[in-house]
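Trainee: Sharing a structure here in structure tokens format.
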Amino acid sequence: MNPSVLLRRSSYSWRHLSFNRNGFRYRHHEAITVTTETLGEKYRVAKLSMNHPPVNSFDIPLCDGIIITSSVPRTFSAGLDLKELHGVTAEHLRKFWRNVQDLWLCLYSSRVPTVAAINGHCLAAGTIIAAACDYRVAAEGDYGVGVTAAKVGIIAPGWFLSMLTHLMGQRRTELALQQGLLFKPEEAVKVGLVDQVCKSERLHVEALSALEPFLAVSQLSRATMKLSLRGDLIDRFVCSRTDDEDRFVGFVMQDSVQKSLGDYIQKLKSRKQ
Numbered sequence: 048m049n050p051s052v053l054l055r056r057s058s059y060s061w062r063h064l065s066f067n068r069n070g071f072r073y074r075h076h077e078a079i080t081v082t083t084e085t086l087g088e089k090y091r092v093a094k095l096s097m098n099h100p101p102v103n104s105f106d107i108p109l110c111d112g113i114i115i116t117s118s119v120p121r122t123f124s125a126g127l128d129l130k131e132l133h134g135v136t137a138e139h140l141r142k143f144w145r146n147v148q149d150l151w152l153c154l155y156s157s158r159v160p161t162v163a164a165i166n167g168h169c170l171a172a173g174t175i176i177a178a179a180c181d182y183r184v185a186a187e188g189d190y191g192v193g194v195t196a197a198k199v200g201i202i203a204p205g206w207f208l209s210m211l212t213h214l215m216g217q218r219r220t221e222l223a224l225q226q227g228l229l230f231k232p233e234e235a236v237k238v239g240l241v242d243q244v245c246k247s248e249r250l251h252v253e254a255l256s257a258l259e260p261f262l263a264v265s266q267l268s269r270a271t272m273k274l275s276l277r278g279d280l281i282d283r284f285v286c287s288r289t290d291d292e293d294r295f296v297g298f299v300m301q302d303s304v305q306k307s308l309g310d311y312i313q314k315l316k317s318r319k320q
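Here the sequence shown is numbered in the working numbering, starting from 48 and rising by one per residue.
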């Protein structure tokens, strides 16, 4: 099994996604499609759509802004692929977790403005993706946004907890994580996890509208202030990412955790039958 596949349903790897001051550049992966369009006849926007079927190799052209969404109906991301955590070696887990770390750091430290267009279920690592963006727009619907690690039997990393605490506040984050709470889109706005909710058919339009104010200012000033605000967490992560990796691998390799993962995977299989 390929350790670079990170997410269930709308699964993709960021191992081949790099960033420079001009934008993201993606060398190859079969589970992301990229389209570009012009916003206001001035800005070039790349839309990254997570999907399941294979697509051809491509590059993301240099762009001014990025919208991240999913082409899987009613699912932005269902979270980590739990099969990548169960019954595998410690080295496999390390490679896998490094990809998760890189995914977050790539988005959270991006100088290019990013908007998450959440079209459906946004769980666990899906919330990592969305929360790392500069703005989050969610479509109306009967689905949840949040972190279910406690229900699955795994842990959320410290850098993610810090990011969620910044968005939701200490007390709400404590309750949400310890209880594995999921929020409906409107509730997610109230707790600070999502910035706005719109009709599903207007999701892309609203995501573009949300991106425009980020593009209408000095990009050097905007990006510099963004990284100043996020710099402490980024620096702490960079200095402690090996410890974070050790902590995650040590936790997941425990017999009790492996048993919980196996039971949960079996439960998911039973639901599909």
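Beta carbons are placed, not taken as given, at the ideal position from N, Cα and C, and that holds for glycine.
Would you mind sorting lysine 319 into buried or exposed? The rule is 16 or more other CB atoms within 10 Å of its CB.
Mentor: By 1-based counting over the sequence shown, the position of residue 319 is 272. Lysine 319 is exposed by the Cβ-count criterion.
Trainee: Is the beta carbon of leucine 250 less than 7 Å from the beta carbon of alanine 197?
Mentor: Counting from one through the sequence shown, the residue named residue 250 turns up at place 203. Counting from one through the sequence shown, the residue named residue 197 turns up at place 150. No, they are not a contact pair.
Trainee: Take aspartate 189 and list the residues in its own chain whose beta-carbon comes closer than 8 Å to its own, dropping the five residues that flank it on each side.
Mentor: Translated into the one-based positions of the sequence shown, residue 189 becomes position 142. Only Lys231 meet the Cβ criterion.
Trainee: When you compare the CB positions of alanine 206 and phenylalanine 295, do they come within less than 7 Å of one another, or not?
Mentor: Translated into positions along the sequence shown, residue 206 becomes position 159. Translated into positions along the sequence shown, residue 295 becomes position 248. A quick correction: the sequence has tryptophan, not alanine, at residue 206. Cβ atoms of tryptophan 206 and phenylalanine 295: not closer than 7 Å.
Trainee: Quick one: is the Cβ of glutamine 313 within less than 6 Å of any heavy atom of the ligand ZN?
Mentor: What this structure holds is no ligand at all, so the ligand ZN is not there to describe.
Trainee: Rounding to the nearest angstrom, what Cα-Cα distance links valine 236 and aspartate 242 in this structure?
Mentor: Counted from its first residue, the sequence shown places residue 236 at position 189. Counted from its first residue, the sequence shown places residue 242 at position 195. Taking the straight line joining both Cα atoms gives about 6 Å.
Trainee: Smallest Cα separation from serine 157: which of Leu228, Leu129, Leu274?
Mentor: The residue labelled residue 157 in the question sits at position 110 within the sequence shown. That would be Leu274, whose Cα lies nearest to the Cα of serine 157.
Trainee: Count the other C-beta atoms from every protein chain shown that fall within 10 angstroms of the C-beta of proline 120, then say buried if there are 16 or more, exposed otherwise.
Mentor: Within the sequence shown, the letter at position 73 stands for residue 120. Exposed is the call here.
Trainee: Near serine 209, what residues of its chain come up, given a Cβ to Cβ distance below 6 Å and the 5 sequence neighbours on each side ignored?
Mentor: In the sequence shown, counting from the first residue as 1, residue 209 sits at position 162. Excluding sequence neighbours, serine 209 sits near Leu280.
Trainee: Helix, strand or coil for methionine 215? Go by DSSP, reduced to three states.
Mentor: Within the sequence shown, numbered from 1, the residue matching residue 215 stands at position 168. DSSP places methionine 215 in helix when its eight states are reduced to three.
Trainee: Using the C-alpha atoms, what's the distance from valine 162 back to alanine 254?
Mentor: Looking up residue 254 in the sequence shown gives position 207. Looking up residue 162 in the sequence shown gives position 115. So the alpha carbons of these two residues sit roughly 6 Å apart.
Trainee: Exposed or buried, what is cysteine 110 when buried is set at 16 or more other beta-carbons lying within 10 Å of its beta-carbon?
Mentor: Position 63 of the sequence shown, counted from the first residue, corresponds to residue 110. When all chains shown are included, cysteine 110 counts as buried.
Trainee: According to DSSP, is glutamine 313 helix, strand or coil?
Mentor: Counting from one through the sequence shown, the residue named residue 313 turns up at place 266. Three-state result, glutamine 313: helix.
Trainee: Buried or exposed, going by whether 16 or more other CB atoms sit within 10 Å of the CB of aspartate 302?
Mentor: On the sequence shown, residue 302 is found 255 positions in, with the first residue counted as 1. When all chains shown are included, aspartate 302 counts as exposed.
Trainee: For cysteine 286, name the three-state secondary structure that DSSP assigns.
Mentor: Position 239 of the sequence shown, counting from 1, holds the residue named residue 286. Correct three-state label for cysteine 286: helix.
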